[in-house]
Amino acid sequence: MCARFMGLVRVGDGLWLVMDRCNGSIQSEMQRNEGRLTLEQVLRYGADIARGIAELHAAGVVCMNIKPSNLLLDSNGHAVVSDYGLAAILKKHSCWKGQPECESSNTHSCMECTVLSPHYAAPEAWGQPVKKSLNLFWDDAIGISAESDAWSFGCTLVEMCTGFVPWAGLSSEEIYQAVVKAKKLPPQYASVVGGGIPSDLWRMIGECLQFKPSKRPSFTAMLAIFLRHLQGIPHSLPASPDNDFVKSFSSNVMELPPLSEFEVSHQNPFHLHQRVSQGDVRSVRELLFKAASDYGNNYLSSLLEAQNADGQNALHLACRRGSAELVEAILENEEANVDVLDKDGDPPLVYALAAGSPECVRSLIKRGANVRSQLRDGFGPSVAHVCAHHGQPECMRELLLAGADPNAVDDEGESVLHRAVAKKSTDCALVILENGGSRSMAILNSKNMTPLHLCVATWNVAVVKRWVEIATSDEIAESVDIPSPMGTALCMAAASKKDHESEGRELVQILLAAGADPYAQDSQHGWTALHTAVMTDNVELVKVILAAGVDLNIRNMHNGIPLHIALARGAKSCVELLLSIGADCNLQDDDGNTSFHIAAETAKMIRENLDWLILMLGNPNADVLVRNHSGKTLLDVLEVLPREWISEDLMEALMKKGVCLSPTIFEVGDWVKFRKTSITPTNWWEGDRQKQVGFVQRVPDKDNLIVSFCSGDYNVLANEVVKVIPLDRGQHVQLKEDVKKPRFGWPGQSRDSIGTVLCVDDDGIIRVGFPGQSRGWKADPGEMERVEEFKVGDWVRIRPFLTSTKYGLGSVTPGSIGIVYCIRPDSSLLIELSYLPTPWHCEPEEVEQVVPFRIGDRICVKRSVAEPRYAWGGETHHSVGKIREIEGDGLLIIDIPNRPVPWQADPSDMEKVEDFKVGDWVRVKASVSAPRYGWEDVTRNSIGVIHSLEEDGDMGIAFCFRSKLFPCSVTDVEKVPHFEAGQEIRVMPSVNQPRLGWSNESPSTFGKIARIDLDGALNVRVPGRKSLWKVSPGDVEQLPGFEVGDWVCSKPSPGSRSSNDLNGVRSIAVVHSVQDSGYLELACCFRKLKLLTHYTEVEKVPCFKVGQYVRFRTGLVEPRWGWRGAQPESRGFLTGIHADGEVKVAFFGLPGLWRGDPADLEIEQMFEVGEWVRLKDDANDWNSIRPSSVGVVQGLGYEGDEWNYSTYVAFCGEQEKWVGPSSHLERVHKLFLEQKVRVKLNVKQPRFGWSGHTHESIGTIQAIDADGKLRVYTPEGSRAWMLDPSEVEVVEEKRLCIGDWVKVKASVSTPTHHWGEVTHSSIGVVHRIEDENLWVAFCFMEKLWLCEAWEMEQVRPFRVGDNVRIKDGLVTPRWGWGMETHASKGRVVGVDANGKVRIKFQWREGRPWVGDPANVVLDEN
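If you're matching positions, the sequence shown starts at 1 in the UniProt record's numbering and goes up one per residue.
Here's what the structure looks like:
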């Protein structure tokens, strides 16, 4: 029925609608009945509403806003529909979501322009553009229609049946993401199913919640369902909703009414479903007993056989809960069918396996459950496959012991062992092997992979090791050498990635010991395991393989031996190993090349191969005259190389083998040096000529050269010199290590300083530029060497601003990132780039080092990249993925959530995503033009606090000027330094109007942060004001916090030197003035002029005081102005301190005052009389006094007029005073009267006895003796309790702080500001504190909950890494069970700022489970 519209009345500036008067609404009736309606109320109200809306639809009116508050109750108790069609009347006439090209303003309706409640709005009501070809669910969507009312009515029925608002606890944005993006149903709908509601009624509700509007039922059809169920029900309203059916799911533990209150006389077959869903074993037993005894087997059978919409009966639901007690209670009845199937063909055993309850599995097996059944009518997996999928080892053991086939194969050819290994369920796989599953290792699946291959691919050492231990020799022989598309298991194990080298070695060792064929080759390269290990330069793996007896000279399909591969790839460690143990250098491959040919041929890329040639030539059996199939000998290959690459040592080694290179041809400009063998120079020479390097100026004839050296031009014979690799302009150089004194002096640089060659003079001198030098320094080229900045495998970036290179850019883009493939003899580099087929040649100075990417890094595309080198493939700048693999050329293989296949990217297009966590302070990056979901009221200067992090890369940020979280991507923001209490701040000059207002302050106001709200709001204490000033962190700047007279020193600055230049390792200055710009004027005792520096570059240090005892700093070489009679062990006291920090010291035994720099001194530890001290742990026992004893200083020890560094201490219980060096003591906090204390837990027996007290006793200090003895009063004591101060700890009543986790005290019956949705079990986080009021954030509430501080108590917060389980007795978690049960155990992987926990449950894949902290508890086991 509908409320009649009577007209309009103008009141002031507003119009009021006049309708029939009603006495209440369905919402108020639910509140009166503790949030619930009875089944009869649901049916009667539902019929009234369906009838009314059907009439409206017949009249062409769409309600648009159906919800409990708009469904009123007339005087007769009938439900009437109100506010129908108002959303269309009151909607905005212009909306930014309206699309003129596809719809007019008359037909457009969306959440932005209509007054709709998001909790009840249909998917099409959110204003999505109509794209029929893109969305399967909305192919006939035309915006809001009559079918939209059916969705809203379905949500309303969910609330009427459960008492919970659909999507409770979610914001409008979160509901939009769930309904429109994720296409999810309200989680509360799951509470309706099987909860005592007629099956066709909850099926009807499910049909109302179809995403395709045309699939939803009409209101006429729904009215017929309501009327059918109302037949025979007398018209009466029960006084309590408990009289019919109880709300089946709740977030809290519920006490169930006794069975006698049930209307068993109705013989409702779903009563058992309801009781099982509530987990009440007692009621289940009573119901089944009463049904059998009072109504016979027919009703009992109907209870046991009744199935919900998914075909699940009570036994399915009991197994799903993982409750063995419920299962046994049902199976006590012979009528229970243990193998009944649901609509998907799954028996209860499958549900027990999914729940991970071995007890349930055991109970079902006892009753005769079929453990060898194949699902899906015999064409699907076995129940053992299901168990392996869920990874439950104890359940698997029960199945196999009961006769399940451990070697069963499913319709895809996968064995049970395949499934367990693929799911990385190691424990489950071990159970399978130990119970007859060893034979499965030989079974190939549809991808030609055995479980053994999968074990190796996932580095599962434990399973392979156990298999080798328990399998028979025949089973091992049958399985170990089966080839996969990547080769045998041994070949796969040898191809270990860098992150899994240790596992790879162990697998290779196990497989070789088990008899794996070492000669087996992979299909791609034809490499054996040894060849593969050498290729990756995995020398430890090579040792493992050789130790197993594998032939050192094993050949691959191309007749190559491991030494050939190692030389060709530049695997230095492996080449050294292979040569040291006798690898045959003379063996030829299919091309006729020996190791000599390969080393010489690849020397143009790998300079170390020239050194290996020398080593190989030292072998007596080396055959250097062998020709390859191209007819070339070693000499032929070497002749092609530049002569300056060939060292004298190599020439000498060749000559010993009778091989002589052709004479060197010199040209003008060649760099030369004298041969080592040239002892007597032809012409007069001065100095050490062996180290001299010169340039050929003229070549008179083939035997004579004119060479310019630093000392002049000389005529030398051609056979006296050899070519050397020249230095060139722009190259980085440094002084050779063996040069003690450079020829032209040293320009004030350290020996390891790196300079750049500026030019090469004709007279044999090079000019080198160093940082900070205005002109080039002259250097002898023989004294300088090129700097080795890179090594093979380093990640480098081509300098972004290069316009040309020495060897040409070619197809390379400046800024590209690659990996050093090899280093040539002339120190130039070959760089592998992901987009080039061959390495790129460059000079080291043309690239720069970058931080390498690592497997597991989270990355995204840089905002500066408009189009990545590899196509987007549906991804965006907001896509965040995790690196799963890195190719040798740097190509990144990335796993992105919800993407079926990995994405690949060029490393130069990507950047690492910061490792954010809840509580980090962030702002939008400067490079981001617009955040993922728009700016809204946030600006670039806004600073917020992360409150939630999603698995897909989204986050929710709290800004103090917003009531809702700001949604964005992790790629949109960057971390900023967070503010701290005590910092002094002011509003930035650029801010005209602070976000939170001036609050009677002005731009000149400054103050100190007193506390910080959970959303980042700063509560500032302004001098002279009582109340705190609340400001946004994005509007303020931190003041230096320094005052005139503060002592400072330079902050440690790794890398570049600080700009303040305090001229010393540890220099101290005094603040002379503080400028508004943040700069400090510093006075230093060693400078006449003041020093200007920014406050961020210095930090405060304790200042000295007149009268303090001092000594020279440990490790001091010499004071700033010399020793002047003092000694390193001298002691004295300060007599004066100047304004610039200069001190005057009176040293004992030294006449007069000594002038010093405070940085040269340190305070001598000295205690004052009355100070409390503790005996250090390294001190010796004395009488009854032990280390850690606490006493009171009584005086200092002197010898004559000098302090002898000893101290007198009184310890309670001792008549004598302790005397010893001050270095054995340390200060402790003094105790005061009226402080509350208790005995420390580690104290077993107090020195003066317990006096009838315990560790729990808390007392008040009434008196303190001069030796520190405490006299403590306790309520239970008749006289003062004597205690040693070292035995007690102070008990402080902790006040609640922002960020504390709290709940309402059990003693609070009704909070001052009412309950709302909060209960005694609810757990929240303190968000804001003002006076004695708290604002608490609960994960299920969008707004903060107000209460008084005394009403709350602190609870332990959940932290990342906590092991948790579902709370016992919980009926249903706040956001549904998902795949979890009471048996589920997991680990917390995320905690939002409002307490919402994200849990990774054991054996589960995919996204973490999201829950209310009140629904879980710590798992102590």
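By construction, the Cβ of each residue, glycine as well, lies at the ideal position given by its N, Cα and C atoms.
From residue i to residue j, what does the alpha carbon distance come to, in whole angstroms?
i            : j            : result
residue 503  : residue 1036 : 53 Å
residue 220  : residue 329  : 42 Å
residue 139  : residue 181  : With a pLDDT of 35 at residue 139, under the threshold of 50, the predicted position of this residue should be treated as unreliable, though the coordinate-derived value follows. Residue 139 and residue 181: Cα-Cα distance of roughly 15 Å.
residue 1289 : residue 1094 : 43 Å
residue 857  : residue 1161 : 47 Å
residue 1357 : residue 1251 : 37 Å
residue 1218 : residue 1265 : 17 Å
residue 706  : residue 713  : 7 Å
residue 1171 : residue 1211 : 12 Å
residue 829  : residue 822  : 6 Å
residue 846  : residue 831  : 11 Å
residue 327  : residue 1371 : 17 Å
Assuming contact is defined by CB atoms lying nearer than 8 Å, are residue i and residue j in contact in what I supplied?
i            : j            : result
residue 721  : residue 672  : yes
residue 1284 : residue 1200 : no
residue 1009 : residue 980  : yes
residue 544  : residue 574  : no
residue 432  : residue 409  : no
residue 664  : residue 643  : yes
residue 1345 : residue 1299 : no
residue 506  : residue 461  : yes
residue 1423 : residue 1146 : With the chain running from 1 to 1421 in the structure shown, residue 1423 is simply not present.
residue 1134 : residue 1108 : yes
residue 276  : residue 314  : yes
residue 50   : residue 160  : no
residue 1258 : residue 1235 : no
residue 1468 : residue 440  : No answer is possible for residue 1468: it lies beyond the span of the chain, which begins at 1 and ends at 1421.
residue 398  : residue 338  : no
residue 708  : residue 764  : yes
How should residue i be labelled, buried or exposed, when 16 other C-beta atoms within 10 angstroms of its C-beta is the threshold for buried?
i            : result
residue 580  : exposed
residue 492  : buried
residue 1004 : exposed
residue 851  : exposed
residue 1179 : buried
residue 1366 : buried
residue 298  : exposed
From the options, pick the residue whose C-alpha is nearest to that of residue i; which is it?
i            : options                  : result
residue 972  : 992, 1008, 930 and 990   : 930
residue 969  : 860, 286, 1363 and 1024  : 860
residue 794  : 982, 777, 73 and 819     : 819
residue 66   : 1413, 366, 52 and 1319   : 52
residue 596  : 624, 384, 570 and 1312   : 624
residue 660  : 677, 649 and 635         : 635
residue 529  : 804, 560, 513 and 490    : 490
residue 1382 : 1389, 654, 1373 and 1388 : 1373
Is the Cβ of residue i closer than 8 Å to any Cβ of chain D?
i            : result
residue 1027 : Among the protein chains of the structure shown there is no chain D, as only one such chain exists.
Closer than 7 Å to a non-hydrogen atom of the ligand ADP - does that hold for the CB of residue i?
i           : result
residue 392 : The ligand ADP is not among the ligands present in this structure, which contains no ligands whatsoever.
4-residue-minimum alpha helix (DSSP H) runs that sit fully inside the segment 532 to 587, ordered along the chain
Complete alpha helix (DSSP H) runs here, min 4: 539 to 547, 562 to 569 and 572 to 580.
Output the residue ranges of the alpha helix (DSSP H) runs that lie fully inside the UniProt repeat "ANK" (344 to 376) and measure 4 residues or longer, sorted by chain position.
The UniProt repeat "ANK" (344 to 376) contains, as complete alpha helix (DSSP H) runs of 4+ residues, the segments 348 to 355 and 358 to 366 (chain order).
So within the segment 579 to 634, which uninterrupted alpha helix (DSSP H) runs reach at least 4 residues, ignoring any that extend past its ends?
If only uninterrupted alpha helix (DSSP H) runs of at least 4 residues are considered, those enclosed by the segment 579 to 634 are 595 to 602 and 608 to 617.
Within the segment 794 to 859, note down every full beta strand (DSSP E) run reaching 3 residues or more, in order along the chain.
With a minimum length of 3 residues, the continuous beta strand (DSSP E) runs that stay inside the segment 794 to 859 are 795 to 798, 817 to 823, 829 to 832, 840 to 842 and 847 to 849.
Starting from the N-terminal side, write out each stretch of the alpha helix (DSSP H) that is 4 residues or longer and does not extend beyond the segment 380 to 429.
Listed in chain order, they are 383 to 390, 393 to 401 and 416 to 422.
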